[in-house]
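S.K.: To convert, count from 1 in the sequence shown and add 11; that's the working numbering.
The C-beta atom is built at its ideal place from N, Cα and C for all residues, glycine as well.
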Amino acid sequence: MTSADAPAAVATGEQRIAAAFAGRRGRAALMPYLMGGFPSIDASAAIGQAYADGGADLVELGVPFSDPLADGPVIAAAGT
12 MTSADAPAAV
22 ATGEQRIAAA
32 FAGRRGRAAL
42 MPYLMGGFPS
52 IDASAAIGQA
62 YADGGADLVE
72 LGVPFSDPLA
82 DGPVIAAAGT
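Structure below.
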């Protein structure tokens, strides 16, 4: 099976993001931020589910990094 034969229901990440914004007609999308694993893995999974259940169009998942140069102080503190 080649990628051309793949089912149409499987979308790339870029296609899924585009679909989340499609049809919004210039309206803002709800895209909350979630630091993965903060305050715990179980809690962050529950928070992510609550975002989805609450109507989030997308969830930005932060990955903790030991040297968060580009992050603000709140995100840096959550990730270290």
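1) Just to confirm, are L69 and A39 a CB contact at a threshold of 9 angstroms?
2) Assign Y44 to one of two classes, buried (16 or more other C-beta atoms within 10 Å of its C-beta) or exposed (fewer than that).
3) With distances taken from CA atoms, which of G90, D64 and D78 is nearest L72?
4) When you compare only the Cα positions, how much space is there between M46 and P75?
5) Taking just the CA atoms, how far does A63 sit from R27?
6) Which of the three DSSP states, helix, strand or coil, is assigned to G37?
7) Quick check: what's the CA-CA separation for G37 versus G65?
M.R.: On the basis of the supplied data:
1) The residue labelled residue 69 in the question sits at position 58 within the sequence shown. The residue labelled residue 39 in the question sits at position 28 within the sequence shown. No.
2) What you label residue 44 is simply residue 33 of the sequence shown in a count that begins at 1. Per the 10 Å Cβ criterion, exposed.
3) Counting from 1 along the sequence shown, the entry for residue 72 is found at position 61. Looking at the Cα atoms, G90 is the closest of the given residues.
4) Along the sequence shown, read from residue 1 onward, the residue named residue 46 stands at position 35. Along the sequence shown, read from residue 1 onward, the residue named residue 75 stands at position 64. Rounded to the nearest angstrom, the two C-alpha atoms are 7 angstroms apart.
5) Locating residue 27 in the sequence shown gives position 16, where the first residue counts as 1. Locating residue 63 in the sequence shown gives position 52, where the first residue counts as 1. The straight-line gap from Cα to Cα measures roughly 15 angstroms.
6) Locating residue 37 in the sequence shown gives position 26, counting from the first residue. In the structure shown, G37 sits in coil (DSSP, three-state: anything other than H, G, I, E or B).
7) For the purposes of this step, residue 37 is identified with residue 26 of the sequence shown, where counting begins at 1. For the purposes of this step, residue 65 is identified with residue 54 of the sequence shown, where counting begins at 1. Rounded to whole angstroms, G37 to G65 spans 21 angstroms at the Cα level.
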